[in-house]
Each structure stands twice: as C-alpha cells, then as structure tokens.
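S.K.: If you read the sequence shown in our numbering, its first letter stands for residue -18, the second for the next number, and so on.
C-beta: ideal position from N, C-alpha, C; glycine also.
Just so you know, these numbers come straight off a predicted model, no measurement behind them.
Pasting a structure below so you can have a look.
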Amino acid sequence: MEARMLCGRAAELGRLLRWAPAMSHLRCKTAFALCLALAPAGCNDDGGGAAGGTEGGTEGGTGASTGGSAGSTGTTGEDLPDPVPPLDDVVSTVERRWLPAHDVADEMTLDPRVPAERAQLLEEGWGDEVEGPGEPILDVTPGGPLPPAGPNPRRLARFVHLADTQLADDESPTRAALVDNFQISGGFRPQEAYMCQVLDATVRTINAIHAQESLDFVVLGGDNIDSAQTNEALWFLDTVDGAPVVECDSGDDDDLVPGPGNDPKDPFAPVGLDVPLYWVNGNHDVLVQGNFPVANKMDEAVGSVASGGTRDYRMPGGPVVTGEVIPDERRALLDRVPLLELVASLGDGHGITDETIAYGKAFYTFDVGTDVRFIVLDTAAETGGAEGVLHMSDIDAFVRPELERAATDGRYVVLASHHAATSLSDGGSFGGTVQPDAITQQDWEALLGEYDNVVLHLVGHSHVHRVRWVEPLGGSAYWEVMTSALADWPHQFRVVEIDDLDNGYLTVTAVAYDVALDGYPLAAEARPLGVLDMTAHWQAPGDGAPEDRNVRLAWPKP
C-alpha cells in the first residue's frame, strides 16, 4: 500500500485519539509513530487531493461491501487522487450570478429521492443553470444618504461568513428522508453525498479570495454538520483544516464509480483553509436531525435499523430504504461538551478554548487587532427543538458582562450566532422542552439596544439571504445580516467588510459568492442536484431579495 495512504490513516487515528477523553495522552505522537512504522518513506503533506471525476456520480453507481474504515480514511486500497490545483481567479455575484434555467414548480413534482425520478429531473433540465449578470452593491443608509468618506478611512475587518453547510452522513440509521417535503425540507437532499467535496471547493474559493485581497478569518453560521455525529464533525473539521485524507463514507466502504477520486465516497485530500476559522454551534451540530436530544438516539445512531429512511449505496443510485443497514460506531453522537472538545483539539482550536469547554457552551469572544470585538453565542437548545434558545442565565453570566467589557474597552461589537432574533423561542417547539428562563426576540433586541457600540449580528439557520435594520424601542439600532445555506441553493457564502469611513459612519459591506467549481468536476456534480431540489419545489429558494444580497450598510457612530 502506498506510504501516503498509510500516513493518512495514521494521522486520522491521531485525530481520533486527540479528542477522546480517555486516551488524550496519546495524541498526535501516536499517529507520527504509526506513520514511521508503517511507511518509512515518510508522510508528505503534498500527497493526495480531490480531483474531478466522471459524470453521473451516484446515479447508477453500486457500493462495494468491503467494510468500514478507521476514522475518515479509506479501505479500498486506492491511492489518493491528485490535489485540486488552486484557482487562478474568482469573481463575486457582483460580476456574475448563476440562475436556474428551468422555471420553479408551483408544487412538488418528481421525487428526487427516487433514483429514476431524480435522473429524469436531470434529463429534463430541472438542474440546469444559466450565467446571468451580476448584481451591484446596494447602498442602504438609514435616515438619508451616506456622506462622502473623510480623509482617513480604514478597514476594521474583512472576513467570510459561512452558514449551514449541514454536512451529513446520508447512510446513517437516524436519517429522516421519508419525511422530506417542501414544508419539512432538509430530511433529504439529493446533493448531500457531495457536501464534503462542496465544502472543499468552498475552502478553495475562499483561499482564492484571500489571495486576491487578504481575509482575516472565516466565522461559521452554525449547522456545520447535520446530525450531531462524530464522523460528520470529523469530516467537516478535517476538510477545513486540510487533513492528509478524508473519506466521507460510513457503513460499507462504498466505491460508487470504480476507481479513485471519481465519486463522493472516495477518499480525497482537502485543500485546507489559509485563514483561521471560528466555530459557531447550530441546532444540527448538537441535535439529531437538528431536533432531537442525542441522549434519546445514542443506540439508534450506531445501530443497524433505519426507520426514517436512509440511503443504501449497495443499490444503483443510492435509493432511500428502511430496515437493516450496515452499522458503524463512528456515527456515535456527540453531546455539546464532547463536540467542543473535539473542535478545540483539531487545527488551532477554532476559537474554542479550555475556558469555553468549562463553561459548557460555545460562548466566547475574539479580537481582530482593530476596534472590533466579536462575541460568539451558542443558541442551540440541547434540550431539543430546531429554534434558538437564549437563557437568561447565559445573558447574566456571559453576554451582558462581555457587552459591558467591550463598551469599557472602546470596542465596536459584532455578534455571531446560528439563530436570528426572529428564530428565538422558549424551546418548546417540535422535539424540544419549554425552558422557563428563555428570553424572547423583544428581550434580545432590547438588550442589544442598550449598547450603542453594537454594530452587527451575523446569523444563519433560515437558509436565505436576509438583512434587517433592528431598531429596539428606545435603544440603539444595529444591523442583522443572515447568510443563506451552503447546503441549499444558491449554495453561497458572504464576504463581509467593516470599514470606518472617517465621516461619522461605519459601513458593513456584505457580498455573496458562488462556490467556484472550475477544475473540480466531482464537486460540480452536486450543483445540478441542489438546483433541481429547489426548482422541483422540494426546497425553498434561498437567494432572498436584491436588497438582501449584495449590500453596503451604513451604521452611524455614536
């Protein structure tokens, strides 16, 4: 077996051991020792990478039955494919947009869960797109036009907001594909098998943007994974961190299209981000299917019976099935604290520190070397339910003290959470339990309105681009900016720039970017599947209105 494949497996074992509380003393030196023992030729960082593949992907592929593999690595015996080269250039939606070529249906049409009907949708052009003109950046200044910039404008931050990747183990027994419909979307996505490659292509796009003009970091929007599983979290983190090898496969070691690097279940070597990344929890990160407490699903996740519908790639096209499936212990569910321990143990920790872990939730702050401070909030309700919950206990213990500290330190505040104010609840929605100390939307907006240095609240969850100017009664106003989901059409993220114009205003410029798929045919196979899920009326469009997409938002300084 090739040395670099062995090294990839050893490194993955090291990652697994790093976060396991009972075995933390082994850490990465175990992987290094294994690498030396198994592959004297040495471990090369440049070995492997995702490349293109044949058209069709899972359509018509059949799965192998060779058994699961350790960690994220493959057991097919295949060598890693060649790395995907960097992009030469990337453009924003100011220059170009991709638009569906097919009209959007008024009601659900053919069922993309059925391989033959999904193939028919593709054949009929439901997944086709056309290149459209770009959209200009719209200036929005509450109270009147923005005055000219002063003599000394300066950049305060430039970063990416990446929301709702929802990277899923689509073969898990806890999947709920049978309930998927327009009203309850997300139980099944025809493109979900490819989301590791889409995430890798997104990282590649972000790196190209960074090469054009420096980015400070990426901040997530939550729902980074789909169902609180260990393997999903490892896939996500290893992809953004640029691990030696990632294989987004579970149960059987599937090889849908014979050969390496040509189907989404094949191992690949991710690019890895060139800038830091900050973790934000969403409901899907800590709840099964984003709704159900993990304590109630522990055995089901690692079991062999699927009741809600999951994909079986041993059959052509990976149809949705119930009943017996191949079990996999790597699907073990993560409570919130073990998830934070895992995030903190990999890469640079992604903002999660021992202090964050001791607090028990992903509440933390970070500075960017200018007058801006970021406050990250954990709005996921571990007690269940998709909607957000902010407890008064967390307001008193963390949020208000940090807002006070930022005011004392003379910092402008940007908050980042998964849920918008409009998605806050008492926790009693489907799958959840009412939390007596949960605050309301009005309570939250009033709290932020007490601080005239709060500029911006970044959110996700609703899978649509949206911008709100929030004016709490009797308080200071701020902007709330929601970014649509990477998981669903239009499969975008935002680049956000915060500038002090030296004229009494800050501006927040938010521009949407499509994921660049040039030279990455395997990731490109996901795109028409995501488009047809929307045009065939199984998933709502997430592009929002023009005033929600490319915008320059003025904020008057106090």
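What's the C-alpha gap between residue 224 and residue 217?
M.R.: 10 Å
S.K.: What is the residue span of the alpha helix (DSSP H) that residue 213 lies within?
M.R.: Secondary structure note for residue 213: its alpha helix (DSSP H) is the uninterrupted segment 211 to 222.
S.K.: Would residue 398 be called buried (16 or more neighbouring beta carbons within 10 Å of its own) or exposed?
M.R.: buried
S.K.: Exposed or buried, what is residue 3 when buried is set at 16 or more other beta-carbons lying within 10 Å of its beta-carbon?
M.R.: Residue placement at residue 3 is flagged as unreliable, the pLDDT there being 31, under the threshold of 50; a coordinate-derived value is accordingly withheld.
S.K.: Using 10 angstroms around the beta-carbon of residue 77, count the other beta-carbons present and answer buried if the total reaches 16, otherwise exposed.
M.R.: exposed
S.K.: Would you tell me roughly how many angstroms separate the C-alpha atoms of residue 170 and residue 139, rounded to the nearest one?
M.R.: 32 Å
S.K.: Looking at C-beta atoms only, is the number of pairs between the region 520 to 532 and the region 445 to 461 that lie closer than 8 Å three or more?
M.R.: yes
S.K.: Comparing alpha-carbon positions, which option in 238, 242 and 102 lies nearest residue 295?
M.R.: 238
S.K.: Can the beta-carbon of residue 253 be found closer than 8 Å to that of residue 203?
M.R.: No, the pair does not count as a contact, with Cβ atoms beyond the cut-off.
S.K.: Between which two residues does the beta strand (DSSP E) holding residue 113 run?
M.R.: 110 to 114
S.K.: Tell me which same chain residues have a C-beta within less than 7 Å of the C-beta of residue 284, skipping the five on either side of it?
M.R.: Closer than 7 Å at the Cβ level, and outside the excluded window around residue 284, lie 154 and 308.
S.K.: Under the rule that 16 or more other beta-carbon atoms within 10 Å means buried, what is residue 124, buried or exposed?
M.R.: exposed
S.K.: When the Cα of residue 554 is compared with those of 244, 260, 235 and 149, which residue comes out closest?
M.R.: Absent from the model: residue 554. The displayed extent of the chain is -18 to 539, so no value can be given.
S.K.: Which residues in the same chain have their Cβ closer than 6 Å to the Cβ of residue 246, if we skip the five residues on either side of it in sequence?
M.R.: 230, 235 and 237
S.K.: Over what stretch of residues does the alpha helix (DSSP H) that includes residue 428 continue unbroken?
M.R.: Boundaries of the alpha helix (DSSP H) harbouring residue 428: 422 to 430, taken from the DSSP string.
S.K.: Under the DSSP definition of a beta bridge, which residues are partnered with residue 463?
M.R.: 440 and 447
S.K.: Can you say whether residue 17 is buried or exposed, counting buried as having 16 or more other CB atoms within 10 angstroms of its CB?
M.R.: With a pLDDT of only 32 at residue 17, under the threshold of 50, the placement of this residue in the model should not be trusted; the figure read from the coordinates follows. Residue 17 comes out exposed.
S.K.: Would you mind working out which of 422, 151, 271 and 200 sits nearest residue 349, comparing C-alpha positions?
M.R.: 200
S.K.: Taking the C-alpha atoms as reference points, what is the distance between residue 112 and residue 83?
M.R.: 13 Å
S.K.: What residue from 459, 95 and 145 has the CA that sits closest to residue 472's CA?
M.R.: 145
S.K.: Taking 8 Å as the cut-off, does the region 462 to 472 touch the region 433 to 441 (at least 3 CB pairs, one atom from each stretch)?
M.R.: Yes, they touch.
S.K.: Can you tell me whether residue 277 is buried or exposed, with buried defined as 16 or more other CB within 10 angstroms of its CB?
M.R.: The Cβ neighbour count for residue 277, taken over all protein chains shown within 10 Å, is under 16; the residue is labelled exposed.
S.K.: Quick one, are the C-beta atoms of residue 342 and residue 381 less than 8 Å apart?
M.R.: no
S.K.: Checking the sheet assignment: what are the DSSP bridge partners for residue 101?
M.R.: Partner(s): none; residue 101 has no beta bridge.
S.K.: Which partner residues of residue 480 appear in the DSSP bridge assignment?
M.R.: 136 and 488
S.K.: Would you report the Cα separation of residue 430 and residue 454, rounded to the nearest angstrom?
M.R.: 8 Å
S.K.: What are the boundary residues of the beta strand (DSSP E) that residue 319 is part of?
M.R.: First-last for residue 319: 317 to 326, but that is the alpha helix (DSSP H), not the beta strand (DSSP E).
S.K.: Give me the Cα-Cα distance between residue 384 and residue 452, rounded to the nearest whole angstrom.
M.R.: Straight-line measurement puts the Cα of residue 452 at about 18 Å from the Cα of residue 384.
S.K.: DSSP on residue 169, reduced to helix/strand/coil?
M.R.: coil
S.K.: Residues in its own chain within less than 7 Å of residue 374 by CB, not counting five upstream and five downstream?
M.R.: 418
S.K.: Helix, strand or coil for residue 175, going by three-state DSSP, please let me know.
M.R.: helix
S.K.: If residue 509 and residue 222 are in contact, beta carbons under 8 Å, what's the gap, nearest whole angstrom?
M.R.: Not really, about 29 Å apart at Cβ, beyond 8 Å.
S.K.: What residue from 392, 303 and 535 has the CA that sits closest to residue 157's CA?
M.R.: The residue with the shortest Cα to Cα distance from residue 157 is 303.
S.K.: Please classify residue 450 as buried or exposed, where buried requires at least 16 other C-beta atoms within 10 Å of its C-beta.
M.R.: exposed
S.K.: Leaving out the 5 sequence neighbours to the left and right, which residues in its chain are closer than 6 Å to residue 387 when beta-carbon positions are compared?
M.R.: 354 and 394
S.K.: By the three-class DSSP mapping on this structure, what secondary structure does residue 288 have?
M.R.: strand
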